[in-house]
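Everything on this sheet refers to the single structure shown next.
Protein chains in written order, with the numbering used here: chain X, 76 to 420; chain S, 76 to 420; chain Y, 76 to 420; chain E, 76 to 420.
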């Protein structure tokens, strides 16, 4: 941590700062520049110290130097984490495609979609049983019945399941059905939920908050890991900007950034990232080219009848089109698409 | 809801859209302009319809017309809501000041602060016992012990209490101590929490999500009201923008906007809104001039030793300075500051 | 400037950095912390050095310490700048109101408005003759004829004039008519224009770019001052955020921030800052309470017939309403409204 | 254009609106829904009408339906525009790489870079002679001498040149040297410059403003085209968001969006888009996979000595690495990299 004194500070102010540091068990290392005096704080600093020093007389600014996250950093663990879900490995050489409806609506809808995405090459089935909704008057999901429909689709197709959990009290229930627990964008800083999931043994996909910095996202992953669950997959799903043509702005630069800063796998969700089905294919390819370990897309048998997010859902035909291009792009950057080998359907 | 067809749409596409509407029980009202054909959807529309129609062939855009919230709108209830907490009325003629430490640290700290803010004219005491924190390694609050310390301060000073609740499972506990339940910015779209608090009988302060639009904020209020709790106070606390000099950008225009759109009271939090103690006074005065029903500020006996948010906390002296100016500004816009009359300390 | 080395850097990398600094005439001051080594760069650094050092092997981050602007900073000049335009002083004890139509449309419109705003208490007349426009098909202003109409209004009312200049080639022409040259938000970083205006002798109002940080805004002021023109008035006019209810988000916190960082006067433009006439009054009062040296608002005889920005223009009646409240708010924060004393109309 | 009346409007207000429309030569088409009355405005509307109608009594909101740009839209011209510069075609089947230093510093630097990027497969040489700079104290470019150095590099390598023009007065000078005129992000709404370049015969690359919506960007292209210059190349270069890890957020979704809305070619600038050399390669590949017609990257012989933007410049080695991957990614999406055939070096 570095403390910058204001121009023209008094010697008394400097002295006061150094005493304050000494009392707190730190050593202050003074460096006088042409325009500013800077004091380096040597010792095991802690985050609250920043605000404490910021109001010491004569201080202009306090600059933290260490990264605030540890366990999820690549400094701490240089080797990339891989997460195994059934036969699928996320974070390794293969690029993984997760597909399915936004929300579970009916058994028919889920079974048809599961079969279609499996046939086209998807590796994992997605579908929401508990749905967050901006309005209390929107569709909120089928709940436990939705989980049972998803389990039935897994039974038939063999595809592992990912589904969202909304609240600490439902982690246990959802974990009984799901192979991967999903934390939605609005819950990225629901710290009680993060901790509860951190105590679960299930792999978890942590979506980036729509207004979260990369650092805050990694700190939320840190919450989960610090409770003992290291199986965290990050998911970039678009951030909120001034642009209104797309629902969000998919921050593709976050993918290589996170791969550099952290050992955790990262995938992209171009469906929520754009809110427009006609942008899903180019963005899925772009994310793959940028180094994503996988993509997650919404697919619906009849987007014009979907109870949720029809405008960003691919038809079965468009999903096949996407899959026909994914392999080539993955190869072009030295990866390959995960494919089911001799797996009974 | 209005459906805009793309330029050069076919008659078949228009026909298909109209049939689709008819099958769903709506009447389509066609209006052919010079450049675009627009179809007005007459009937009781619902939010999901937008996405459904967006993917009908020939459709370019679907524009919702009705506001998605009802119960919290001024259209629904033209008279401003007032909320009574002890002798304090929020949303009436008086401007109310809520003050106290960010987090409860010690009994001494809370008692000293409560006495000081009471003496200077505050009407309600704030203090966090359960604290959300971006990092798992930061101070997270004293929990139940913190609530007890706050209750003791209320006992002595007579100041009603506001404190935050983080998760549905703790609503009952916190409601046993708090006069007002606070929902933090990161929980504005924690819908399970909103519903649980909606079933509580306690007044609630709903902070705006740091990346939430005014409409999303009002929809979150709608969640609480639709469960039966009409005692909702809105709190503008700064939004996330590209500017880094301040921690957030206090959106003062949201105050008169919300007063126009909704009957709910709205207050401002210039401490979190700026992250800098030296901006708290001018922003508190600005919010009052813009029509806020109150302000909430952080006060600490020794900001340079605060375990949380010291950089944005006022000293007792600065809080007195603020209070000495609040009354004049409130008067200048036809309001008056709430003051304790013949209240034993 | 501080150079942070990556965790686990080699001694060779540190050595290389120190040699590099020495060759460039700087002294490197090494400070080894628990997690990071930091090198303070002592000497007269320059901005490009940051990028140069950022790519030296072993370097993780380079942190500038000095503020990049000098002449406009309060460190450089502690006394607030005041700017005199006719009998009006901007930046002193008085709060100044600038009012008039967005664009000059007709002689009648300008004369009527000038008389009305003068009568209600405005100190300076605004009006655009050269108008920037997002679309090539919108109204672009009357040009030189517009300037002549404005001059005629000054002649009759005695109100000094402020009007916008769009391009370096027109500075001389506009300066022949205007008492204050206005630089619009889209030109805040039109550096050739800034320099040309810096060589003019006219006071200038520099609007904040709608996506400019406070620091970038001050750097643009620095451009003007460094060419010799110290008569710079800053104008906060709203920044671009994700919120769509208002056209921009008026950043009222920028007002006290700029007053702290710089000696230049700062005013607020709630008309562009909100894009909604019904928010102009509360925001004008809020800006005044926050310490603005003045406000600039748009007024039109018939907003529903305005060729530009009718939705954010006040009628004469609403402008009178604003003026009737401005004085009280100015007084409540120890200022007073500028008023014409014994000035012939 | 659609006019939404407020809930509970009077019949008189509706009548007033219809009369107002009739007087202005429009037909009002009334559609009464369950919650709102909407009036469709039939006739050749113009942009200013929106603000005019917004303040008519009883009106709640005015919604424009037509797109505000015409000539650059794909509706107007369904066939993609291709632009020929020497032997290079931009906007066709080939993906084009533009490379070179941020700023021209010395003859040696430019010649070395030009040779290196040519050898590695670049099609066009970039380099700045007139440089915009946030601070008046930064390097501002060599001016005319810089143009001459660039021309010498073209002479030797045969690479066409792109370079920036800052102000209307210099368009003619820069056009004497440049094959493509570049308009920088800060000048995207410098309308006088857009018009001057619209009257030039040179192809032009229009960078997106860092806070411009896609619609505003296309309107700026419309300015150029409406003056007669149809040779416009769009360049996505990152937008300003709350994220600070990258200098800007490269909006890759803008690439397929613009290809859908407009017939103009679009390229991406991952150097400015990220501000970090280590993100340039993954982002260049991502943009290509998303359908960009080319990329523009900064290359410098010694990034640690660059006078500008060293932190985002590739070394020659890293540029070769990029080029070795570009071909495969272009092929994977059905394009191919432009390559010089039998061109003397």
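C-beta: ideal position from N, C-alpha, C; glycine also.
Query: Cβ-Cβ distance between residue 372 (chain S) and residue 188 (chain S) below 7 Å; Result: no
Query: Distance between residue 132 (chain E) and residue 91 (chain E) (C-alpha atoms, nearest Å); Result: 8 Å
Query: Same chain, Cβ closer than 6 Å to residue 236 (chain E), neighbours up to 5 away in sequence not counted; Result: 200, 225, 229, 253 and 254
Query: Rounded C-alpha distance that separates residue 420 (chain Y) from residue 365 (chain Y); Result: Residue placement at residue 420 (chain Y) is poorly supported in this model, since its pLDDT is 46, which falls under 50; the coordinates still yield a value, given next. Distance between the alpha carbons of residue 420 (chain Y) and residue 365 (chain Y): 32 Å.
Query: Any C-beta of chain X under 7 Å from that of residue 315 (chain Y); Result: yes
Query: Cβ-based neighbour list, residue 103 (chain Y), same chain, cut-off 6 Å, excluding 5 preceding and 5 following; Result: 93, 96 and 114
Query: For residue 284 (chain S), three-class secondary structure by DSSP; Result: coil
Query: Identity of the residue in S:292, S:317 and S:323 nearest residue 333 (chain S) by Cα; Result: S:292
Query: Closest Cα partner of residue 267 (chain E) within the set Y:245, Y:299 and Y:359; Result: Y:245
Query: Distance CB(residue 158 (chain E))-CB(residue 345 (chain E)) smaller than 7 Å; Result: no
Query: Whether residue 243 (chain S) touches residue 271 (chain S) by CB criterion (7 Å); Result: yes
Query: Residue 79 (chain X) and residue 136 (chain X) closer than 7 Å at C-beta; Result: yes
Query: Residue 340 (chain S) - DSSP class collapsed to helix/strand/coil; Result: coil
Query: Assigned secondary structure, residue 110 (chain X) (DSSP; H/G/I helix, E/B strand, else coil); Result: coil
Query: Under 8 Å (Cβ pairs) to chain S, residues found in the stretch 356 to 370 of chain Y; Result: 357, 358, 360, 361, 362, 363, 364, 365 and 366
Query: 7 Å Cβ cut-off: residues of chain X touching residue 421 (chain E); Result: The requested residue 421 (chain E) does not occur in the structure, where chain E is confined to residues 76 to 420.
Query: Residue 216 (chain E) and residue 178 (chain E) closer than 7 Å at C-beta; Result: yes
Query: Residue 331 (chain Y) beta carbon less than 7 Å from that of residue 166 (chain Y); Result: no
Query: CB contact below 7 Å: residue 144 (chain S) versus chain Y; Result: no
Query: Inter-residue Cα distance where the pair is residue 310 (chain S) and residue 98 (chain S); Result: 43 Å
Query: Counted within 10 angstroms of its Cβ, other Cβ atoms place residue 399 (chain E) as buried (16 or more) or exposed; Result: exposed
Query: Proximal chain S residues relative to residue 275 (chain X), where beta-carbon distance stays under 9 Å; Result: Those do not exist, as residue 275 (chain X) stays about 16 Å from chain S at its closest Cβ, beyond 9 Å.
Query: Local conformation of residue 226 (chain Y) per DSSP, three classes; Result: helix
Query: Any C-beta of chain S under 7 Å from that of residue 296 (chain Y); Result: no
Query: is_contact[residue 410 (chain X), chain S] using C-beta, thresh 7 Å; Result: no
Query: Supposed contact pair residue 238 (chain S) and residue 193 (chain S) - C-beta distance, whole angstroms, cut 8 Å; Result: Going by Cβ atoms, the distance from residue 193 (chain S) to residue 238 (chain S) rounds to 17 Å, so no, they are not a contact pair.
Query: Member of E:396, E:407 and E:287 whose CA lies at the smallest distance from the CA of residue 353 (chain E); Result: E:396
Query: Residue range of the alpha helix (DSSP H) that includes residue 192 (chain S); Result: 182 to 195
Query: Rounded Cβ spacing between residue 234 (chain X) and residue 77 (chain Y) (contact assumed at less than 8 Å); Result: Actually they do not touch by this definition, with Cβ atoms about 51 Å apart.
Query: Span separating the alpha-carbon of residue 335 (chain X) from that of residue 302 (chain S); Result: 46 Å
Query: For residue 104 (chain Y), three-class secondary structure by DSSP; Result: strand
Query: Entirely enclosed alpha helix (DSSP H) segments - the stretch 212 to 275 of chain S, minimum 4 residues; Result: 219 to 232, 246 to 252 and 266 to 273
Query: Selected residue, minimal CA-CA separation from residue 210 (chain E), among Y:220, Y:180, Y:410 and Y:265; Result: Y:265
Query: Between the CA atoms of residue 318 (chain S) and residue 130 (chain X) - distance to the nearest angstrom; Result: 21 Å
Query: Per-residue DSSP class, three states only, for residue 130 (chain S); Result: coil
Query: Cβ-based neighbour list, residue 101 (chain Y), same chain, cut-off 6 Å, excluding 5 preceding and 5 following; Result: 116 and 118
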